[in-house]
Amino acid sequence: MYKIAVFVSGRGSNLKAIINSIAQTEIKIEIVCVVSDKIECPAFEIAENYRIPTYSVSQNEGKDSVVYSELVSILKKMGTDLIVLAGFLKKIPDILIENFEKKIINIHPALLPSFGGKGMYGLNVHKAVFEKSAQVSGATVHFVDKIYDNGKIIAQECVDISDANSPEEIAEKVLKVEHSLLPKVIIKFSDNKVIEKNNRIYLL
Ligand code: GAR
2 MYKIAVFVSG
12 RGSNLKAIIN
22 SIAQTEIKIE
32 IVCVVSDKIE
42 CPAFEIAENY
52 RIPTYSVSQN
62 EGKDSVVYSE
72 LVSILKKMGT
82 DLIVLAGFLK
92 KIPDILIENF
102 EKKIINIHPA
112 LLPSFGGKGM
122 YGLNVHKAVF
132 EKSAQVSGAT
142 VHFVDKIYDN
152 GKIIAQECVD
162 ISDANSPEEI
172 AEKVLKVEHS
182 LLPKVIIKFS
192 DNKVIEKNNR
202 IYLL
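Position 83, counted from 1, in the sequence shown is what this note's numbering calls 84; the numbers after and before it change by one each time, with no gaps.
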């Protein structure tokens, strides 16, 4: 069984896409828990509907609240193979990165290394892409290191946005791509088909 933990901050549409995809694949993948920086969010409701344990790393006290050092122990005890940031909008603290080196991936709603970095999340990204009049955008899955949106790129998919009339339209187009790209990469990891060679990442 390949075990993943999914980190979320809000809506959880990527979480839902992951749940749906792994239910259809032959490889056995289990979501051991869903973690959020919020006490409550729609993504938690999705997790609860599927009886997936939830943990909150919010600074505010709440049900199932934990601090990051506790979370590291919990994730290790659960045998987590991969941490997936699926719309997790806070910076991941070093303690997590040091304990799960090359085992944390993130989906970013643009083509990195453009339109990334601090403050570049959610609609902010699509606004910047729109204002720059970029003609293509897309989604990027990359490794997470100690610097925002800096880790090596694992997979990308482009979308034509030449006819987009608003940042919201771009967001909608990119989200569709995210929903197929992120589960595809998770399945590749679970099947041992993500390798590093020539200082680059290859999907077999
Ligand atoms: C997604 O578009 C994801 O790429 C983005 O937040 C959204 C979450 O949607 N993540 C970032 O901007 C990270 N820098 P969801 O909660 O419906 O999956």
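Ideal Cβ placement from N, Cα and C applies to all residues, glycine included. It should be emphasised that the depicted structure is a prediction, and the values quoted were computed from it without experimental measurement.
Residue i, enclosing beta strand (DSSP E) - first and last residue
i, result
"N200", "Careful: N200 lies outside any beta strand (DSSP E) and carries neither H nor E."
Host alpha helix (DSSP H) of residue i (start-end)
i, result
"I23", "S14 to Q25"
"I129", "Looking at the sequence itself, residue 129 is Ala, so the reference to Ile does not match. Per DSSP, A129 belongs to the alpha helix (DSSP H) from L124 to E132."
"I32", "From DSSP, I32 is part of no alpha helix (DSSP H) but of the beta strand (DSSP E) over I30 to S37."
"I47", "P43 to N50"
Local conformation of residue i per DSSP, three classes
i, result
"K189", "helix"
"V69", "Correcting the residue identity first, residue 69 is Tyr in this sequence and not Val. In this structure, Y69 counts as helix in the three-state DSSP scheme."
"F89", "coil"
"F101", "coil"
"V178", "helix"
"L183", "helix"
"L76", "helix"
"I96", "helix"
"A6", "strand"
"L112", "coil"
"G117", "coil"
"I53", "coil"
"S59", "coil"
"G139", "strand"
"I106", "strand"
"I196", "strand"
"I40", "coil"
Residue environment, residue i, which counts as buried when at least 16 other CB atoms sit within 10 Å
i, result
"M2", "exposed"
"G63", "exposed"
"L76", "buried"
"V36", "buried"
"N15", "buried"
"G152", "buried"
"G120", "exposed"
"N199", "exposed"
heavy atom of the ligand ADP below 6 Å from residue i C-beta
i, result
"N100", "Among the ligands present in this structure, namely the ligand GAR, the ligand ADP is not found."
Check your understanding: So, do the region 184–202 and the region 133–141 have three or more beta carbon pairs nearer to each other than 8 Å?
Key -> no
Exercise for review: State whether the region 111–131 contacts the region 70–81, with contact taken as three or more CB pairs (one from each stretch) at a distance under 8 Å.
Suggested key: no
Check your understanding: Hey, which unbroken runs of the beta strand (DSSP E) at 3 residues or more fall wholly within the region 141–174?
Key -> 154–161
Review point. Touching or not, the region 54–65 and the region 110–121, by the rule of three or more beta carbon pairs under 8 Å?
Key: no
Practice item. Determine, using beta-carbon pairs with one atom in the region 7–14 and one in the region 161–169, whether at least three such pairs fall under 8 Å. Key: no
Review point. Do the region 20–36 and the region 76–90 make contact, defined as three or more Cβ pairs closer than 8 Å?
Key: yes
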